[in-house]
Amino acid sequence: MLKTQHHRWLGLLLWGLITALGSVALARLELSQQREAFETDARIVHRLLSQRVVQHDAVMATLALLQTAPGVSPPEQRLPSLYPQILSVQRRDAGAAWPDERLRVAETLSRALRRPTLAGVDFARGRYQLVLAAEPASFALAMDLRAVVPWSEWPMPPETSPVRVVLQHEGQDWVVQPGRLGEGGWRFDFHKHLAADSQPFHVVAWRQVGWRELPWGWMLAWAGLVAAALSSWLALQRQRAARRRAEELLRLGQVARLNTLGELAAGMAHELNQPLTAVLANTQASARLLDEEPPDMPVIRSAMAQAVEQARRASAVVGRLRRAVERPDLAAQLQPAGLQQAVQNALYLLEPELTRREVVPRLELPTARVVVLAEPVALEQILHNLLMNALQALEQVPARERQLSVSVQAEAGQGRITVTDSGPGMTDEVLARIFEPFFTTRETGLGLGLSLCETLATGMGGSLQAARRAPRGAEFRLLLPLVPGAPESQS
Ligand code: ADP
């Protein structure tokens, strides 16, 4: 039970961990893809806008070169029809004055810098002017920002794209594309000046990725996949545990011992049958001969001698069998064994039996290890028998009255395991004979369990005691010597 629960928690923990790690990886992948897409778009936007403003410089330079004399139909007036972003062209011939002071200042600057300069930047209306000082005439272009953007080549749908694009100049903003602004999540930024000294606008783009844009579907699928994989792993573990348990039970010899017993009985019957038949025949013949008058004493004597001989043979068979099944010397195989561990192992093996009978054992195990000298398999066998007996006794009372407790103690140089059940208990007569071989009150019982346990316990230098429990139930105490020299309890 403990192990299954342990596996369940471990599985849950693993599931949480793997799901979290996978989800973080998926989210990071999604974010890095979004960032890459954003940066590509932002670079394209910057390049497109730069190309446009550089074009304005070229248009002005051409205008300055292709000047016509005043009065001749000026070519510059045709520009607005060629370039939609140019709203109008103003020209200042030599000696004339600009209508606007800002244009005059810009022209002076343009002359000094030898390139077009900005005048009257009005981002609120999406307008600015570009002035180029030239001889004999200077020019000023009025620009429409809306038409500066080459929408046909634009990399994003301007109305619905989540990316915000703004042109900035000396504290003024002109929103090229509104994008979507949200709270929380992640933010990608892009800042770069346009690649034209004459129109040094700042291109600012940013993109906010909200929590809702994370790949939740994939994360959910991942969590499901991990859960499926882990639960099959858990099922496999459970299967393995069940198999191990079955193997252990077999090792404990429950099945094997019964089989051997059957074989033993058959062998015994076979070997004893012949001498016993001979004894019977000889004694019957002797009885008959003794009735004759006079009895034939030499024949009778010979028949009786044969009967004795056969009886000896039978005795020898029994002796041989006894030696054959004699247990190896346990005392020579003693080693330190932890009682708590032995109890846990035995309960683990019996988990299915406990569950089937709805019994939850109550454990009283001290935290400090109680280490005794024992032969581990024998110790396991005793515990197994005591617990099985207790379970069989508990079957005779209603499920809600079933109590089983197992405790471990150390005192006076001995380690003690006490198994107590709330079953029907034992009468005085039963208690007196309980350790006798072949004593049983159960229909299918062999009556060998407790006698074997007692033999094993004494063989290890310990003892096994049975007692009645008030008001009802039985208690069995197994005592084994603590490891000499070691403190009574070890940690
Ligand atoms: P078996 O289980 O084959 O009968 P055991 O030697 O294990 O052989 O038990 C002998 C007898 O002792 C049982 O038939 C039963 O009457 C009695 N006994 C053993 N354990 C308990 C117990 N926990 N409660 C009541 N009686 C018990």
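In this text, residue positions in the sequence shown follow my numbering: the first is 530, and each later residue adds one. Glycine included, every Cβ here is placed at the ideal spot set by N, Cα and C.
If you drop the 5 nearest sequence neighbours on each side, which residues of the same chain put their C-beta closer than 7 Å to that of Gly991? Here the set comprises Leu1007, Leu1008, Leu1009 and Pro1010.
Taking C-beta to C-beta, are Ala807 and Gln839 nearer than 8 Å? It is a contact, given that the beta carbons lie within the stated cut-off.
The ligand ADP: which residues have Cβ under 5 Å from any of its heavy atoms, chain order? That gives Asn918, Ala919, Ala922, Gly952, Met955, Ile963, Thr969, Thr970, Arg971, Gly974, Leu975, Gly976, Gly978, Leu979 and Ala1003.
Enumerate, from N- to C-terminal direction, the unbroken alpha helix (DSSP H) stretches of 4 or more residues contained entirely within the stretch 828 to 890. Counting only runs of at least 4 residues, the stretch 828 to 890 fully encloses the following alpha helix (DSSP H) elements, listed from N- to C-terminal order: 868 to 878 and 880 to 885.
By the three-class DSSP mapping on this structure, what secondary structure does Gln649 have? Contrary to the premise, residue 649 reads as Gly rather than Gln in this sequence. Residue state, collapsed to three classes: strand.
Please tell me whether Arg693 and Gln706 are closer than 8 Å, where the distance is taken between their beta carbons. Going by C-beta atoms, Arg693 is nearer than 8 Å to Gln706.
Rounded distance between the beta-carbons of Arg656 and Asp673, thought under 8 Å: At roughly 7 Å, the Cβ-Cβ gap stays under 8 Å, so Asp673 and Arg656 are in contact.
What residue range is occupied by the uninterrupted beta strand (DSSP E) comprising Arg716? Start and end: Trp715 to His722.
If distances are taken between C-alpha atoms only, which option among Leu632, Ala662, Leu993 and Arg640 comes closest to Gly649? Comparing Cα positions, the closest option is Leu632.
Beta-bridge pairing of Pro1010 - partner residues as DSSP gives them: Paired residues: Gln943.
Does the stretch 944 to 962 touch the stretch 923 to 934, meaning 3 or more C-beta pairs lie closer than 8 Å? Put simply, the stretch 923 to 934 touches the stretch 944 to 962. At least three CB pairs are less than 8 Å apart.
Sort out for me which residues DSSP pairs Thr949 with in a bridge. Looking at the DSSP output, Thr949 bridges to Ser934 and Glu1004.
With 16 other CB atoms within 10 Å as the buried threshold, where does His913 fall? With 16 or more other Cβ atoms inside 10 Å of its own Cβ, His913 counts as buried.
Can you tell me the Cα-Cα spacing of Val677 and Glu636, whole angstroms? Straight-line Cα distance between these residues: approximately 23 Å.
Please find out if some non-hydrogen atom of the ligand SAM comes closer than 7 Å to the beta-carbon of Asn918. Ligands present in the displayed structure are limited to the ligand ADP, and the ligand SAM is not among them.
Find the nearest neighbour of Arg736 within the set Leu763, Val926, Thr569 and Asp702, judged by alpha-carbon distance. If we check each option's Cα against that of Arg736, Thr569 comes out closest.
Chain-order list of residues whose beta-carbon lies under 7 Å from that of Asp825 (same chain, five-residue window excluded): Correct list, in chain order: Leu818.
Kindly give me the distance between the Cβ atoms of Ala669 and Leu659, rounded to whole angstroms, as I take these residues to be in contact under 8 Å. So it is a contact: roughly 7 Å between Cβ atoms.
Given this structure, state the Cα-to-Cα distance separating Ala794 from Gly974, to the nearest angstrom. A direct Cα-to-Cα measurement between Ala794 and Gly974 gives close to 16 Å.
Can we say the stretch 904 to 921 touches the stretch 976 to 991, given the rule of at least three CB pairs closer than 8 Å? Result yes; three or more Cβ-Cβ pairs closer than 8 Å.
Leaving out the 5 sequence neighbours to the left and right, which residues in its chain are closer than 7 Å to Ala756 when beta-carbon positions are compared? Hits under 7 Å: Trp544.
From which residue to which residue does the beta strand (DSSP E) around Asp957 run? Not the beta strand (DSSP E): Asp957 falls in the alpha helix (DSSP H), residues Asp957 to Arg962.
DSSP has Phe668 in a bridge; who is on the other side? DSSP lists Arg620 and Leu661 as the bridge partner or partners of Phe668.
From what residue to what residue does the beta strand (DSSP E) around Gln768 run? DSSP places Gln768 outside any beta strand (DSSP E); the residue lies instead in the alpha helix (DSSP H), whose first and last residues are Trp745 to Leu781.
Ala866 beta carbon less than 8 Å from that of Pro895: Judged by their CB atoms, Pro895 and Ala866 are not nearer to each other than the 8 Å cut-off.
For the alpha helix (DSSP H) containing Gln910, list its first residue and its last residue. First-last of the alpha helix (DSSP H) with Gln910: Pro905 to Leu923.
With distances taken from CA atoms, which of Val618, Pro1000, Leu555 and Pro966 is nearest Leu743? Nearest option by C-alpha distance: Leu555.
Which stretch, first to last residue, makes up the alpha helix (DSSP H) that contains Ser980? For Ser980, the uninterrupted alpha helix (DSSP H) run begins and ends at Gly978 to Gly988, by DSSP.
Helix, strand or coil for Ala734? Go by DSSP, reduced to three states. Ala734 falls in the strand class under three-state DSSP.
Beta-carbon proximity check, Val937 vs Leu868, cutoff 8 Å: Closer than 8 Å, so yes.
For the beta strand (DSSP E) that Leu696 lies in, which residues bound it at each end? It spans Arg693 to His698 - the beta strand (DSSP E) in which Leu696 sits, taken as one unbroken run.
Taking 8 Å as the cut-off, decide whether the C-beta atoms of Gly713 and Gly746 are in contact. No, these two residues do not count as a Cβ contact at 8 Å.
Is the stretch 724 to 735 close to the stretch 759 to 779, with three or more CB pairs under 8 Å? Fewer than three beta-carbon pairs drawn from the stretch 724 to 735 and the stretch 759 to 779 are found closer than 8 Å, and the two stretches are therefore not classed as touching.
Find out if the Cβ-Cβ distance for the pair Arg997, Gly952 is shorter than 8 Å. At a Cβ-Cβ threshold of 8 Å, Arg997 and Gly952 do not count as neighbours.
Beta-carbon contacts of Asp1071 that lie in its chain and below 8 Å, excluding the five residues immediately before and after: Outside the shown range of the chain, which is 530 to 1020, sits residue 1071, and nothing can be said about it.
Please go through the same chain and pick out, in chain order, the residues whose beta-carbon is closer than 7 Å to the beta-carbon of Glu605, but skip the five residues on each side of it. If the five residues before and after Glu605 are omitted, its C-beta is found closer than 7 Å to the C-beta atoms of Leu592, Val618, Arg620 and Phe668, all from its own chain and listed in chain order.
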